Structure formats: structure tokens, C-alpha cells
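Protein chains: 2
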Amino acid sequence: MVHREAHARRPSIHDVANSAGVSAATVSKVLQGVSTVKPENVQRVFDAVELLGYRIDPLASDLRRAKRRIIGAIVPEFESEFFGSMITQLERLAEQRGYALVAASSRESEAREKEILARMHDWRVSGVVLAPVRNEHGPAAGFMKKYGMTGVLIDRVLADDAFDTLSADSGSASAEVARELVERGHRHILVLGLGEQAATVRARLESFRERALQLAPDTRVDVILSESDVEPLRSALRDYFAKGERPTAVYSLFLRGTLVALSEFRRRGWHCPNDISLVGFDDAEWMQVTWPAIAAVVQPVRQIAIEAMELLFRRIEGEGGPPTARLESCKVLMRESVGSPGSGPHSGGGKRR
Amino acid sequence: MVHREAHARRPSIHDVANSAGVSAATVSKVLQGVSTVKPENVQRVFDAVELLGYRIDPLASDLRRAKRRIIGAIVPEFESEFFGSMITQLERLAEQRGYALVAASSRESEAREKEILARMHDWRVSGVVLAPVRNEHGPAAGFMKKYGMTGVLIDRVLADDAFDTLSADSGSASAEVARELVERGHRHILVLGLGEQAATVRARLESFRERALQLAPDTRVDVILSESDVEPLRSALRDYFAKGERPTAVYSLFLRGTLVALSEFRRRGWHCPNDISLVGFDDAEWMQVTWPAIAAVVQPVRQIAIEAMELLFRRIEGEGGPPTARLESCKVLMRESVGSPGSGPHSGGGKRR
DNA sequence: ATCAAGCGATAAATCGATTTTTCGCTGTTG
DNA sequence: CAACAGCGAAAAATCGATTTATCGCTTGAT
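Given below as C-alpha cells:
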């Protein structure tokens, strides 16, 4: 029986108390840094902790405390770079403040989103960072409101009357994209979007259109919106091109739309930027290594995460005041997928093979 | 004071007991489906639960139980599709069995990996799914062994004497890639890998080389390994090409290496598959929409996740026996980035612009 | 010398469940 | 009719911490 002890029951605070010859209350105080303990006892406690390898059980600890040191995070998916690094950041920030982050994926389902929220409420999390599937008016936000949970809404949101919201300033970014395209001579631009995120998509669209028309009133902006799934978008796009529509540039308002656009270009044998230009909202690592590199709007993930946690902890600590609605600005990276119309006559593609 | 009650203290099991006119113990039994309760009381309890909107506090519940219904998952990063969907799957499977999944990112650091594990041990998780940064012999696995934690090791592992391991059968997949390349006439192939994952990388490399030489003994297989970071790999690759080396195909053993290869091809103006062929280990959504589409080895994420959870829960439920080491087979998708050497003479590139 | 205040520490209550023990009652059995 | 199971439910212990209440002792003021 040499190294059996490691597998045995972990020492509790009472074991430490016994070993140190003090009470459990004293141990608790020492470990929390309360100053009314005699230095001698402090030392004895630390020694006992060291000796036994004691570590606080956060579960038991949180049970008694007023606030549980757990933060929940809910995102529509884990598979994308955007939400992946969002979770990474949030985890880092929560940890920094001594909180555990519990992340969950709503898998793009509002029903599931609400269920997860209910489960987090069961866990009595101190706060939630919610990136809603659709927008700030979904059942999940309603649930949070109803039960007085504290939280912050991010990404697919604009403003809310109950929670702080935070997202990329996709409006300004879209206007900048419009400027870049119009200045390069594009006068017929197709915009791809997802309809279910009504408000945010409308904001991007309106900013884009406004700036485009302001710079060149004769610009034609076509729009294809798919309600929630991406496949309808694909077929709509296919039909659009089949009808003979020939925009000189495409601006996709979301990552998966960019992929759909690329794959439709493939089908028709079109190459960027000679046959058509492409800009996508949301950047990805691979976009800079393909040929051509894909122009994209880079979202300020880090800033959103930092600011979201900052706001959340202020509310957790009881700060009042009306909810704020912040936008963090994006960076627009014009890469090779964008050119000037006419440089490659937009005829039938597929000559290159 | 109309809808104030929602924000108030949540009802506890005692509130339910009072409301139903029974004891807390009875409520607990009813909620767990113990059959020794009179039907009448069962009904009263359910009514009270309904009336008060009671839900069990999992924290308090787990504190008393023998096993806490929490599973930990540790992956090197959240940003990639592979680990993103791995977490999605694991979450789904844990949920299915009534467990909560707590996911954490080691951010490619072994030190952090161990810290996270210690924290999970503090939480007394029932089990851990660990995707180690390096391999099965790191400090994290040592920690798990030392403290008798139950867990499963996945992805960058081959076999272990203490834990079940599970990974993609990258050896067979690599052999298949070798076959595909050699059969297309490639006789000079460069392999890119990460050295720190010693055993798994060696396995892939050896299978590849073996099959290549078996099919065509005159095949030349060059190897560039970078220890742990990706930037050294980039410069090593640059030097390699600068020296005048002209392999007709590149096989990257990991996703980021594929990106590095693509970006170096860009720099030199080389196009796949005319100037050089490329196959990457690990598939990604974008690889099928780019032009050319990138050939890749698809890992069986879903199967790995399912099998990992299956094994883990068997161990949690006390099943003994020696640790198993399973490999799940991959699919190799040959896409346009692979061609035959000579179809585009491998001279200085950049003619296309 | 008496009482109040202050200090440091312990005992006890608490968090919200589960699990074990105890208890009262009914129906059998010797 | 006393003793004994068996049943269903309540009471109490438990999990492992934190927090509150209490206590003994010293010090200072009256």
C-alpha cells in the first residue's frame, strides 16, 4: 500500500481543521484571507493545507455563498472560428475573475437555447453571455427577463430594454464595403443575407445600400435573403444567376453565405476577381491563403468578449442603470477577391481549366 | 407588485414539501421515481412541483450524491472545426445521459492542461475526455493517473497503460494518401508535420512512407517537422523551396500545415494541381468551395465522440479490465488540388495573374 | 472591583438536496 | 394477546463548505 492514498477520499476542510488543531471556521477564514486570525494559526492552517494537499471544493463552497461563481455562455455553434474564439476569450476572462465558464451550443435552435438557459438557471449561474440564434427578442431573452437573470446579449443583437447588448458594428463595416466596391466601379451588387436575424441584417443592408446610393445613385443593389437555412439560399442564388443576372460583385452578410457564393461561382466556372468580386462578412484563417484571397470584414471578437464580460460583472456586482447598447468597430480587409468590373468580361466562365 | 414573484428566491425542496404536506425526503423520493410512495402522495408532490415551478438544484443534488453528474472535456483549441464539432458531440452525448459537460481549452499549453485538470478534479467530475496537446505521456495524463481520475484520451494519442485511448486511424489514412499520390505518378513528395506529437506523427509518417515505397521503391519522401509552433515550419518550408527542391506533391499532417503550404504556394505563384499537388490531413468546410478544392483526410469526429463517451461511461460505472486503444477509420477525399505531375511543368510559377 | 468593549476562536446554523435511521401503524403469527 | 414483520413516511444525518451566533478572555474605563 505505498501510493494508495492519492486515490482515497479527498481531504475536507474538517480534515485540515483537525490536522491544524483549529476549527473548520478558522480554516475557511484563513483561506479567504480574513485578517482576524492570529498569525500563528494562519501558519498552522497553511501547513496543514500543504501537508494534506487540500483544495477547496468549489461545488460545496458555492452552495453556501450568495452568488455562485459560474458564468454561462450560450452560442449558436462551436464549429466556427468566430464563436470558437469567442468562447476561448470568455473562458479566459471568467477564469481571470475566479469564475468557471460553462459553455453550451444552442445548435442554431431557439428551443434548445431556452432549455439550456433553464438548465443554467437551475445551476444558479451568476450571469449569462448569450449569443442568440435569432435576435434579442427570442424566447431565451424572455426567459432571462422573466426570471430576473443577469446577462449580456451579444452578436446578433442591436439593443434591448432589459439587457446590455454588444455586437460588431456591422452597419459601418457594410458602409465601408459599399464604398470600396463603388469606388472600384461596381454598379450592380448582390447582397446575400439570412432573414431570421431580422434587425441586424436589415441594419447591414440599409447601411450598405445607403452608402452605395449616396456615392453612386445609379447603383443597383439586389438582395437575396434566406429565412433560416442555407440551402434555400443556394438554390435562390442559382436561380438568380440562371435568370441571367450578372452583378459585378457579391457581398455576403454571413460566413456560410460566402461559402455558398464561392461554390456557386465554382459551378459556373467564374473566378474572382476577374469574373466577379466577392466580399464576405466574417473573416476566417483560410481566406488569406487561398487564391485569390477572400476579402472579408473582420469582427472584433476580442473586444466584444472583453466588453461583454466587463458589462456582465458590473451587473453581477449590482450596478444599476439602463441597459447599454454598444457596437465595436470592425476592420475591412480588401483582398484579391475584389477587383474592378470589366477587367475580365463577365461572359460565360469556365474557360480556365 | 404583479409579476415580482419570478425574481424572488427559487423554491427549495422544503417549500415543495410544505406545499404538498409531506416531508422533504418524500419529495426527493418521488422525484427520483422511488416506488415506495403512496400514489396519493405522489400526486400531491407533483401538484406542488407544478404549482411552485420547482426544479432540482443540480449543485446541491450533486453535493450529496456519490458521483457528480459532470463530465469534463479538455481540447487544445476551440477555434477549429474539428474540436468545435467534437465538443458539440460530446455535449450532446453527456446531456443525453443527464450529465453536464464542462468544456475547457488548454490553448495548446501542457501547463494549462494540467491546471484545468486540477480544477476539474476539484469539481470532482465523474470523468474527463482529454485531447492532450502533445500525447498520452504529458503531465496531464500523469495527474489523472496519480489521482485516480477516470477518463478517456482522444486524438493525439496511440495507446496508454492507464486510460482508454481513441483516435482517427491516421496511419491507414496516410497509407491511402500515399497510394493515391503514387498511383498518380508522384515520386517526390514532401510531408509536413508537427514534431511535438511524436508518436502519432511518426505513425502517420511511417505508414505513408512504407506504402509509398512499397508501391514505388524509387519514391523520394522528404519531411519537414516543426517542433511545436507553426512559424518555424513556414520558414523551413520557404528555405526548402528556396534551395530548389521541387516535390510534385505535398502532404500536410495537420490543418495549419495545410494553410502554411497554401500560403507558400501563393508566394511562389504556384497553383494546385498544375504546379504542385496538395493533400491535407483534416478536412474543413471551406476546402470544398475553393478553386481548386483541397484534397483532405476527413476525421471521424462523430464516431470518436460517441465511442469516447461510451467507453468513459463504462469506466464511470465501474467496468474494469485493461485499457483499450481504438482507431476509427478516416475517409480520404481526393479533390482538385491533386493531379499528376507533369501536367503543368513545374517551372517558375506566377504566370497567371 | 465591575462592567463594557474588543478580540480571536469555536460552535452552530445554513445552503439544498440525498440517504440513512427511526418511528408509528397495520396485519400476521405463535 | 404479545411479539414480529412489513410498509410508508418523517426525522435526522450527511455532503463540504461559509456565515452567524456565541463564548471565554483580556483590556480599559468608570
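Chains as they are written, first to last, in my numbering: chain A, 1 to 353; chain B, 354 to 706. Positions of the beta carbon are idealized from the N, C-alpha and C atoms, including for glycine. Nothing here was measured: the structure is a model prediction, and the numbers come from that model.
For a contact defined as C-beta to C-beta under 7 angstroms, what are the partners of residue i on chain A?
{"i": "Ile577 (chain B)", "result": "Going along chain A, no residue has its Cβ under 7 angstroms from Ile577 (chain B), so there is no contact; the nearest lies around 17 angstroms."}
{"i": "Val642 (chain B)", "result": "Leu259, Leu262, Ser263, Arg266"}
{"i": "Arg408 (chain B)", "result": "Asp122"}
{"i": "Val403 (chain B)", "result": "First, the residue type needs correcting, since residue 403 (chain B) is Glu and not Val in the sequence shown. Correct list: empty, because the minimum Cβ distance to chain A is about 15 angstroms."}
{"i": "Glu444 (chain B)", "result": "Ala104, Ser105"}
Looking at the structure shown, is residue i part of a helix, part of a strand, or coil, going by DSSP?
{"i": "Leu158 (chain A)", "result": "coil"}
{"i": "Ala484 (chain B)", "result": "coil"}
{"i": "Ile669 (chain B)", "result": "helix"}
{"i": "Asp169 (chain A)", "result": "coil"}
{"i": "Arg706 (chain B)", "result": "Interpretation of Arg706 (chain B) is limited by its pLDDT of 31, a score under 50 that renders its predicted location unreliable; no figure is taken from the coordinates."}
{"i": "His356 (chain B)", "result": "Low local confidence applies: a pLDDT of 45 at His356 (chain B) is under 50, so the model's placement there is unreliable, with the coordinate-based value given in what follows. DSSP places His356 (chain B) in coil when its eight states are reduced to three."}
{"i": "Val301 (chain A)", "result": "helix"}
{"i": "Val505 (chain B)", "result": "strand"}
{"i": "His346 (chain A)", "result": "Legend: pLDDT at His346 (chain A) = 45, less than 50; position of this residue unreliable, value from coordinates given subsequently. Coil, per DSSP."}
{"i": "Glu328 (chain A)", "result": "strand"}
{"i": "Val642 (chain B)", "result": "coil"}
{"i": "Ser381 (chain B)", "result": "helix"}
{"i": "Ser12 (chain A)", "result": "coil"}
{"i": "Gly546 (chain B)", "result": "strand"}
{"i": "Val125 (chain A)", "result": "strand"}
{"i": "Arg209 (chain A)", "result": "helix"}
Looking at the strands, I want to know which residues DSSP matches up with residue i.
{"i": "Met573 (chain B)", "result": "Note on identity: in this sequence residue 573 (chain B) is Arg, with Met being the wrong assignment. In the DSSP output, where bridge partners are listed per residue, Arg573 (chain B) has B:His541."}
{"i": "Ser581 (chain B)", "result": "Paired residues: none, contrary to the question."}
{"i": "Val691 (chain B)", "result": "Answer by DSSP bridge pairing: none, since Val691 (chain B) is not bridged."}
{"i": "Leu686 (chain B)", "result": "B:Ala649"}
Please list the partners that residue i has in chain A, where partner means a Cβ-to-Cβ separation under 8 angstroms.
{"i": "Glu584 (chain B)", "result": "Correct list: empty, because the minimum Cβ distance to chain A is about 14 angstroms."}
{"i": "Thr441 (chain B)", "result": "Glu77, Phe78, Glu79, Ser105, Arg107"}
{"i": "Gly480 (chain B)", "result": "Those do not exist, as Gly480 (chain B) stays about 15 angstroms from chain A at its closest Cβ, beyond 8 angstroms."}
{"i": "Gly674 (chain B)", "result": "What Gly674 (chain B) touches in chain A: nothing, since even the nearest Cβ is about 18 angstroms away."}
{"i": "Glu559 (chain B)", "result": "By Cβ distance, chain A contributes nothing, its closest Cβ being about 28 angstroms from Glu559 (chain B), past 8 angstroms."}
List, in chain order, every chain B residue whose beta-carbon is nearer than 8 angstroms to that of residue i.
{"i": "Leu59 (chain A)", "result": "Leu412, Asp415, Leu416, Arg421, Trp476, Arg477"}
{"i": "Ala198 (chain A)", "result": "Ordered by position in chain B, no residue passes the 8 angstroms Cβ test against Ala198 (chain A), which lies about 26 angstroms from the chain."}
{"i": "Gly138 (chain A)", "result": "Those do not exist, as Gly138 (chain A) stays about 18 angstroms from chain B at its closest Cβ, beyond 8 angstroms."}
{"i": "Ser85 (chain A)", "result": "Phe431, Glu432"}
{"i": "Ala284 (chain A)", "result": "Trp639"}
{"i": "His14 (chain A)", "result": "Here the premise fails: no neighbours, minimum Cβ distance about 15 angstroms."}
Report the neighbours of residue i on chain B: residues whose CB is nearer than 7 angstroms to its CB, in chain order.
{"i": "His186 (chain A)", "result": "Going along chain B, no residue has its Cβ under 7 angstroms from His186 (chain A), so there is no contact; the nearest lies around 21 angstroms."}
Counting only Cβ pairs nearer than 9 angstroms, list the residues of chain B close to residue i.
{"i": "Val102 (chain A)", "result": "Ala453, Leu454, Val455, Ala456"}
Taking only heavy atoms of the ligand SAH into account, decide whether any of them is closer than 8 angstroms to the Cβ of residue i.
{"i": "Lys146 (chain A)", "result": "As presented, the structure is devoid of all ligands, the ligand SAH included, so that no description of it is given."}
Curious, which full-length alpha helix (DSSP H) runs of at least 4 residues does the segment 588-638 of chain B contain? Listed in chain order, they are 608-621.
Using 8 angstroms as the cut-off, can you tell me whether the segment 166-185 of chain A makes contact with the segment 223-237 of chain A, which would need three or more C-beta pairs spanning the two stretches below that distance? Contact between the segment 166-185 of chain A and the segment 223-237 of chain A is not established, with fewer than three Cβ pairs separated by less than 8 angstroms.
Kindly confirm or deny that the segment 441-449 of chain B and the segment 469-479 of chain B touch, where touching means at least three C-beta pairs closer than 8 angstroms. No, the segment 441-449 of chain B does not touch the segment 469-479 of chain B.
Counting pairs of Cβ atoms below 8 angstroms between the segment 607-627 of chain B and the segment 245-263 of chain A, do you hit three or more? Output reads no: the segment 245-263 of chain A does not touch the segment 607-627 of chain B.
Considering only residues of the segment 32-119 of chain A, which uninterrupted alpha helix (DSSP H) runs meet the minimum length of 4 residues and lie entirely inside it, listed in chain order? Taking only runs of at least 4 residues, the alpha helix (DSSP H) segments lying wholly in the segment 32-119 of chain A are 39-52, 58-64, 81-96.
Three or more C-beta pairs under 8 angstroms: does that hold for the segment 93-109 of chain A against the segment 71-84 of chain A? Three or more beta-carbon pairs drawn from the segment 93-109 of chain A and the segment 71-84 of chain A are found closer than 8 angstroms, and the two stretches are therefore classed as touching.
At least 3 beta-carbon pairs within less than 8 angstroms: the segment 643-650 of chain B vs the segment 580-598 of chain B: Output reads no: the segment 580-598 of chain B does not touch the segment 643-650 of chain B.
When the Cβ atoms of the segment 602-613 of chain B are set against those of the segment 546-557 of chain B, are three or more pairs found closer than 8 angstroms? Cβ pair count under 8 angstroms is three or more, so yes.
Does the segment 671-678 of chain B come close enough to the segment 504-522 of chain B to have 3 or more Cβ pairs within less than 8 angstroms? In short, these stretches touch, since the Cβ pair count reaches three.
When you compare the segment 44-60 of chain A with the segment 15-29 of chain A, are there three or more beta-carbon pairs, one atom per stretch, that lie closer than 8 angstroms? The segment 44-60 of chain A vs the segment 15-29 of chain A: in contact.
Would you check if the segment 124-138 of chain A and the segment 485-492 of chain B touch, i.e. whether three or more CB-CB distances between them fall below 8 angstroms? Contact between the segment 485-492 of chain B and the segment 124-138 of chain A is absent: fewer than three C-beta pairs spanning the two stretches fall below 8 angstroms.
Can we say the segment 636-646 of chain B touches the segment 656-674 of chain B, given the rule of at least three CB pairs closer than 8 angstroms? Under the three-pair Cβ rule at 8 angstroms, the segment 636-646 of chain B does not count as touching the segment 656-674 of chain B.
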